[in-house]
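Asks: Supplied in structure tokens, the structure appears directly below.
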Amino acid sequence: MAGSPAYAVDLTAMIAATMLPFVSFLTILIATRGRPRLSAGLSIGSVTISLACSIALLALHFHLAAPIEFSTRLLASGGLDIPFGFLLDRLNLLMIAIVSAICFLVQVYSLGYMAGDPGFSRYYGFMSLFTWAMMSLALSASLLQLYFFWELVGLSSYLLIGFWYEKFSATQAGKKAFVMTRAGDAAFFIGLLLLFVHTGDLSIAHLDSRSALSGVSPSFLTLSALLIFGGIVGKSAQFPLMTWLPDAMEGPTPVSALLHSATMVAAGVYLFARLFPFFSMSSVAMTVFLAIGTISMLLASTMAIVSRDIKKVWAYSTISQLGFMIMALGAGGYFAGVFHLTTHAGFKALLFLCSGVFIHRYETNDIYELSRFGARRMVIPTVSIVLGAAALSGLPPLSGYFSKEAIMGSLAAMHNPLWLAAGLAGVFLTAYYSFRVIFILLFPRAEGAASPPPQEAGITAGGHAAHESGYRAMAWPLIILSAVSVIFGFFKTSFKDFIGGGAAAGGAAGMEPSWLHIAPLALALAGVGLAWVEFGRKGAKQIGFVDRMPVLSRLFAERWYIDRFYGLVVEFVIDRGISRLCSQNDRKVIDGSIDGICEGTVESGWVVAFLQTGMIQYRLLAILGVLALLLLCFYF
Amino acid sequence: MHMEPATFPFLSAILLSCVVGMLTIMVIPEERHVLIKQVSIFFSGVCLLLTLYVFFAFNRSLGGLQFVEQVSWIPTLGISYFNAVDGFSLPNLLLTGIVFFTGVLTMWELNTRVKEYFALYFLLVTGVFGLFMSMDLFFIFVWYDVSLFPMYLLIAIWGTTRKEYGAMKLTLYLLAGSALILPAIIFLWAKSGLNTFSFVSLMHPGMFSPADQKFAFLLLFLGFGILAAVWPMHTWSPDGHVAAPHGVSMVHAGVLMKIGSFGVLRVAIMLCPLGWIYWAKSMAVLAVIGIIYGALVGLRQTDLKYVIGYSSVSHMGVVGLGLSTVTVAGLNGAVFQMFAHGIMTALLFSSVGYIYDRTHTKLIPELGGLSRIMPVASAFFILAALAGVGLPGLANFWGELLVFLAAFKVYPLFGVIGVVTLVITALFMLRVVQKTFYGPANARFAGLPDVSPWLGTPRIILAAVLLILGLYPSLLFNVIRTASVPFMNGLPR
Amino acid sequence: MIAPFSHVLVVAGILFALGAFCAVTRRNLIMIVLGIEIMLNAAAIAFVGGSLHLDNLDGQTFVLFILAVAATEVSVGLAIIVYAFRRTGSFDPADFNLLR
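In structure tokens form, the structure reads like this:
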């Protein structure tokens, strides 16, 4: 199939879209570390080409009927055949477009945000690494290849979270993120190997065709589905491996926007969608996924209610929105999940980038302090953040409204009304915590309004100009993303045609009762209303209802003690438990016995040496004695 | 087995350039340090070029034994000077060439007893090269001991932490290994009745009875296993790593431990396949214990070199697991992992060496914030640590992938344990990276210079190899499978 | 031959026993060397007796060798003893156990 020119164009475009960022990554780290502007230029240039290629591919294949696959063998070794190539269907056309677009916007934004940082080149190098890994992940043709880039995405996350490596909390967070996602990935890897051993093929197209796995026993299918889902839990920060994501906010804010909300963490959901037909073959596994999505969604929402750190609120909300997507997919709503992934990528990136502008300007993450410094005076970010929060809460006519409604539709199709109830509760909580932040930001309380913004005085003329240009670089992406959030929802039907046609569309659209259109909206408005009463209206004390219940607020602020639990496990069970036991064993038992044997040898040497007096005459005597004995022996 | 005679004795040329290098160093006046180092670099460079030539000239479609040179030496005992390479030994030969060369470069800054150091170092590597290319059991034993003897002096004279203890422990362990190997070799020689030590003649299916194979395999596995740091015979290795000077640590962890696993493969497995099948399960148990145990002990170490030492125990466990699966994929993975691990640890030790030479400490609590002071040197260490974690895109990933894949077919439980251990490995490697390189710059080390391009050369070479193989593993797999596939096909079942 | 061969052997044996006794019991290096000399001479007597008894000159050739060896042995041995005495001021063999 590779012969025809159209395919050659596709292939070239895909190779360019994936490999150019890799080339720029290597070039930046090896050659241009000392020249920040050149590095940024290289990185942005390569991501621009990626974006252009992705959009061209999307346009070219907008009416793609059957997936296209290009593959060669990377490695063949006795009984093992590892293909390597590109798979192109509607889902990853969408994914590469999202990824490259957001990468592009965030990299442009970073020109302002990271200006003057000593690690500027390194930052762009890692960004290129991420772009390469994420684009390749999206285009992977086999599960193993996907795993390969999956880990590399994790690596870039590790490097970028710990980007300011002199800060202890940042390095700690990076390590935690890597190890926790690694724990999920171990499950993924095991599942992958199991699948490989039993089916002999890891190509995604193969796994997704129902006929391929017909001979496999259902319990095995469930087991491998659950194991692979482990990777999704790790990467998308679902319960119980969710706590790394809020800590990951130690990285630069654009990184949080790109990796930890819009794209990388969505890779888990992407994998779910990618293997949707495979997963949906096991109903047990799907129920587990639904449950995990629900738990994560609710837990994370409660955590977001009490956080004072603006980035952490968005981080918790990311977990909870990813939970929504997983719920949707778990409920069989393929379209709803993917649609929410798309809209979420837009408005969550927007929220983070807006917060980034505030943080960059006022150098604090605390919402109350930001509010006191008068963050609302910055018009573009303020308007954008309100739009983003409204989209997040699911208020019409913003994009979030449409995708949430789709999710509720697919949940309503489940037999058990519990899921729908949980989903609706989630909608309410989402609206509440997002507008809590907005109202606090918009309506500073009087007592703090006097404190001046910290940077104003020290700015020189040149610095001010640079600051202005930096601000412009940061503002444009905000405007674009806001526009997308506003408009995108209206393309729901065409989006549905696009996605729904590509793969088996699950769910039961059409049989939604009419109240379903109203209920989410009503609950979202109720959430906004509660936030208004508690935080927005004149004279509100800005104390949430949860804060009045110390037990609950403590539980939420401590993240349900999940982190504490992991800390204890690592410290007491692994560090001071097994690991210590092994080290002691090494030192005392193994080394001890070896040293004992050696010392025993030396000791016995001394015993023999005692017989050896060094008197030449005794030796002579011994010789003669032995000779005499021999003589006796021979004679008698 | 197909045998391709050499048109030119390249293998002997490798040995010869080592020996000539050693002799040349010995006649240079003691105080001309720079000249000695230049000569060392020249001769090790020649070795590297020759191994590279052999590696790329090896005919991958033909397979079998190539570059064969055979000269009868003591015909009455059937001992002959018999060199050849096949798909198993070729990666090890290349590994030795690379580590040898980079090890010389790493010790560029040495200034105590330079002449003796390099002479002994060359002798050590001669033994290692000889072992990897020899196809005669007697010579394999001789080369084993040749590489053993300089090790003691190198550690005891130029070492650092508890050097006499480390050197003595290492020597005793390895001698114990050779005490097990020698009887096994003589046993095989006697049982065959062919009056030959030639590997090719002995390697016929049905040459030895199953009972003999079981016995000989056990002796050989234990003997070579000591050198491969099979649990619980591993404690010499971290102690030896720590005590040795950096260049020697590189050879020690990078190459010497591979002699053990290579010996298990070449002598034990290939001569006694039935014994192998019989003992495979026990091998797998020891290997898995080694994997998880090494990682757990590594978690608690505070000396950089001990951390690397225990990670080596864990990684060599992966090699052992691959060898114990009795599958083609397992063998391929094991040999690949030997190579990848050799390069990776060499890079780690080389980087630690640079850091130690500047800061004069390798205790993790005393270090910290080195990324700010010497970013490039730190980057190399971090890269190697990530390879050790098994990150895709770096060589170790492929070895581990194949080994675990094979393990899943044969011992699913062990495969699971192995994969889970990757998480612990990640934990302790990243901890070390965090404590050593991240954090605020330590004022004590402020102003220390970063790696200059010249001093960085060995690390650049090693890092490039890791990266190239990580992205294009077939380069090595194509070679390995020329040996593993025919061998497994000819295996009596 | 006037004396019977057995007598010669008895004399040689007695001489050998005396030499051995001297070499083993005396706590003086010179006396030890002396004892060894006597043992050598006892062997020489036995050789001469044997040579006459068997009508074979090989035995006497051996005696010549023994004489030569004894001479060198005494000279080297005495030199060592003198040197040892200079080093330590003692003839007692119990004082020389450095290699123990």
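Protein chains in written order, with our numbering: chain A, 1 to 636; chain B, 637 to 1129; chain C, 1130 to 1229.
The beta-carbon is built from N, C-alpha and C at its ideal position, and this holds for glycine as well.
Under 8 Å Cβ to Cβ from L1066(B), same chain only, skipping five residues before and after it: list those, please.
Replies: Against the second sequence, residue 1066(B) aligns to sequence position 430. Excluding sequence neighbours, L1066(B) sits near A1021, V1025.
Asks: Give me the DSSP bridge partner(s) of F70(A).
Replies: For the purposes of this step, residue 70(A) is taken as the residue at position 70 of the first sequence. F86(A), per the DSSP bridge assignment.
Asks: Assign H360(A) to buried or exposed, taking buried as 16 or more other Cβ atoms, counted over all protein chains shown, within 10 Å of its Cβ.
Replies: Stepping through the first sequence from its first residue, residue 360(A) is reached at position 360. Classification of H360(A): buried, given that the 10 Å Cβ count is 16 or more.
Asks: Round the Cβ separation of S986(B) and T738(B) to the nearest angstrom and send it over; I've been treating them as touching at under 8 Å.
Replies: As a first step, residue 986(B) is located in the second sequence; it is residue number 350 there, counting from the start. As a first step, residue 738(B) is located in the second sequence; it is residue number 102 there, counting from the start. So it is a contact: roughly 6 Å between Cβ atoms.
Asks: Return yes when at least one heavy atom of the ligand ATP lies under 7 Å from the C-beta of S43(A), else no.
Replies: Among the components modelled here there is no ligand, and therefore nothing to report on the ligand ATP.
Asks: With a cut-off of 8 Å, does the C-beta of S1007(B) fall near any C-beta of chain A?
Replies: Walking along the second sequence from the start, residue 1007(B) turns up at place 371. So, interface residue.
Asks: Touching or not, the region 284 to 292 of chain A and the region 517 to 537 of chain A, by the rule of three or more beta carbon pairs under 8 Å?
Replies: no
Asks: Report yes or no: is there a C-beta of chain B within less than 8 Å of the C-beta of S583(A)?
Replies: In the first sequence, counting from the first residue as 1, residue 583(A) sits at position 583. Output row for S583(A): interface = yes.
Asks: Among the residues of its own chain, which have a CB less than 7 Å from the CB of L651(B), if the five just before and after it don't count?
Replies: As a first step, residue 651(B) must be located in the second sequence, where it is residue number 15. Cβ neighbours of L651(B) beyond the five flanking positions: T762, F765, G766.
Asks: Kindly indicate which residue of Q1070(B), S834(B), L1091(B), N1125(B) has the alpha-carbon position closest to the one of M162(A).
Replies: Here the question's residue 162(A) lines up with position 162 in the first sequence. In the sequence as presented, Met is not what sits at residue 162(A); that position holds Gly. If we check each option's Cα against that of G162(A), Q1070(B) comes out closest.
Asks: Contact criterion: CB-CB distance below 8 Å. Does L631(A) meet it with respect to chain C?
Replies: Reading the first sequence from its first residue, position 631 is the one you call residue 631(A). Not closer than 8 Å to any Cβ of chain C, the Cβ of L631(A) fails to qualify, so no.
Asks: Got a sec? Which residues, its chain only, sit under 7 Å from M843(B) by beta carbon, not counting five neighbours each side?
Replies: Working through the second sequence from its first residue, we reach residue 843(B) at position 207. These residues qualify, in order along the chain: S828.
Asks: When the Cα atoms are used, what is the spatial distance from L105(A) to P477(A)?
Replies: On the first sequence, residue 105(A) is found 105 positions in, with the first residue counted as 1. On the first sequence, residue 477(A) is found 477 positions in, with the first residue counted as 1. Their Cα atoms are separated by approximately 5 Å.
Asks: On the three-state DSSP scale, how would you describe L999(B)?
Replies: Indexing the second sequence from 1 puts residue 999(B) at position 363. Note: L999(B) maps to strand in three-state DSSP.
Asks: According to a CB-to-CB cut-off of less than 9 Å, which residues of the region 602 to 625 of chain A neighbour chain C?
Replies: A609, Q612, T613, G614, M615, I616, Q617, Y618, L620, L621, L624
Asks: On the DSSP bridge assignment, give the partners of D366(A) in chain order.
Replies: Sequence index remark: in the first sequence, residue 366(A) carries index 366 (1-based). DSSP lists D309(A) as partners of D366(A).
Asks: What are the boundary residues of the alpha helix (DSSP H) that includes Q172(A)?
Replies: By 1-based counting over the first sequence, the position of residue 172(A) is 172. That run of the alpha helix (DSSP H) goes 168 to 199.
Asks: Just tell me which of N92(A), E369(A), I68(A), S224(A) has its CA closest to the CA of A267(A).
Replies: Within the first sequence, the letter at position 267 stands for residue 267(A). Closest by alpha carbon: N92(A).
Asks: Classify D1184(C) as buried or exposed, calling it buried when 16 or more other Cβ atoms lie within 10 Å of its own Cβ.
Replies: If you number the third sequence from 1, residue 1184(C) lands on position 55. Classification for D1184(C): exposed.
Asks: If you drop the 5 nearest sequence neighbours on each side, which residues of the same chain put their C-beta closer than 6 Å to that of A300(A)?
Replies: In the first sequence, the residue the question calls residue 300(A) occupies position 300. Once the five neighbours on either side are set aside, the close Cβ partners of A300(A) are Y316, I319, S320.
Asks: Would L1186(C) be called buried (16 or more neighbouring beta carbons within 10 Å of its own) or exposed?
Replies: Counting from one through the third sequence, the residue named residue 1186(C) turns up at place 57. L1186(C) should be labelled exposed.
Asks: Throw me the rounded Cβ distance for the F229(A) and F324(A) pair, which I believe falls under 8 Å.
Replies: Numbered from 1 along the first sequence, position 229 holds the residue referred to as residue 229(A). Numbered from 1 along the first sequence, position 324 holds the residue referred to as residue 324(A). Contact doesn't hold; Cβ gap of about 16 Å is too wide.
Asks: Label Y788(B) either buried or exposed according to how many other C-beta atoms from any shown protein chain fall within 10 Å of its C-beta, with 16 as the threshold for buried.
Replies: The residue labelled residue 788(B) in the question sits at position 152 within the second sequence. Y788(B) should be labelled buried.
Asks: Please confirm if A1062(B) has its CB atom under 8 Å from at least one CB of chain A.
Replies: Your numbering for residue 1062(B) matches position 426 in the second sequence. Yes - at least one Cβ of chain A is within 8 Å of the one on A1062(B).
Asks: Quick one: using the 10 Å Cβ neighbour count with 16 as the cut-off for buried, is N728(B) buried or exposed?
Replies: Indexing the second sequence from 1 puts residue 728(B) at position 92. By the Cβ-count criterion, N728(B) is buried, with 16 or more other Cβ atoms from all chains shown falling within 10 Å of its own Cβ.
Asks: For G162(A) and chain B, any beta-carbon pair shorter than 8 Å?
Replies: Numbered from its first residue, the first sequence carries residue 162(A) at position 162. With 8 Å as the cut-off, G162(A) counts as an interface residue toward chain B.
Asks: Any Cβ of chain A within less than 8 Å of the Cβ of A1223(C)?
Replies: For this step, residue 1223(C) is matched to residue 94 along the third sequence. It does; some Cβ of chain A falls within 8 Å.
Asks: Going by alpha carbons, who is nearest to Y433(A) out of G332(A), R377(A), Q542(A)?
Replies: Residue 433(A) sits at position 433 when you count from the first residue of the first sequence. Distances from the alpha-carbon of Y433(A) to those of G332(A), R377(A), Q542(A) put Q542(A) closest.
Asks: Below 8 Å on the Cβ atoms is my contact criterion, and I expect S885(B) with K805(B) to pass it. Report the Cβ-Cβ distance as a whole number of Å.
Replies: If you number the second sequence from 1, residue 885(B) lands on position 249. If you number the second sequence from 1, residue 805(B) lands on position 169. About 15 Å; that fails the 8 Å criterion.
Asks: Just to make sure I have the definition right: I need the residues of chain B whose C-beta is within less than 7 Å of the C-beta of I562(A). Which are they?
Replies: By 1-based counting over the first sequence, the position of residue 562(A) is 562. Simply none; closest approach about 17 Å.
Asks: Assuming G423(A) contacts M303(A) under a Cβ cut-off of 8 Å, what Cβ separation, rounded to an integer in Å, is found between them?
Replies: Walking along the first sequence from the start, residue 423(A) turns up at place 423. Walking along the first sequence from the start, residue 303(A) turns up at place 303. Their Cβ separation, rounded to whole angstroms, is 18 Å, which puts G423(A) and M303(A) out of contact at 8 Å.
Asks: For Y929(B), go through chain A and note every residue whose CB falls closer than 7 Å to its CB, in chain order.
Replies: If you number the second sequence from 1, residue 929(B) lands on position 293. Residues of chain A whose Cβ lies closer than 7 Å to the Cβ of Y929(B) are, in chain order, C582.
Asks: In this structure, what does DSSP give as the bridge partners for F718(B)?
Replies: Start at 1 with the first residue of the second sequence, and residue 718(B) comes out as number 82. DSSP lists Q706(B) as partners of F718(B).
Asks: Kindly indicate which three-state DSSP category D939(B) falls into: helix, strand or coil?
Replies: Counted from its first residue, the second sequence places residue 939(B) at position 303. Strand, per DSSP.
Asks: V179(A) versus chain B: which residues are under 7 Å apart at the beta carbon?
Replies: Taking the first residue of the first sequence as position 1, residue 179(A) is located at position 179. Near V179(A) (Cβ distances below 7 Å), the residues of chain B are V1059, A1062, L1063, L1066.
Asks: Would you report the Cα separation of L20(A) and G539(A), rounded to the nearest angstrom?
Replies: Locating residue 20(A) in the first sequence gives position 20, where the first residue counts as 1. Locating residue 539(A) in the first sequence gives position 539, where the first residue counts as 1. Going by the C-alpha atoms only, they are around 56 Å apart.
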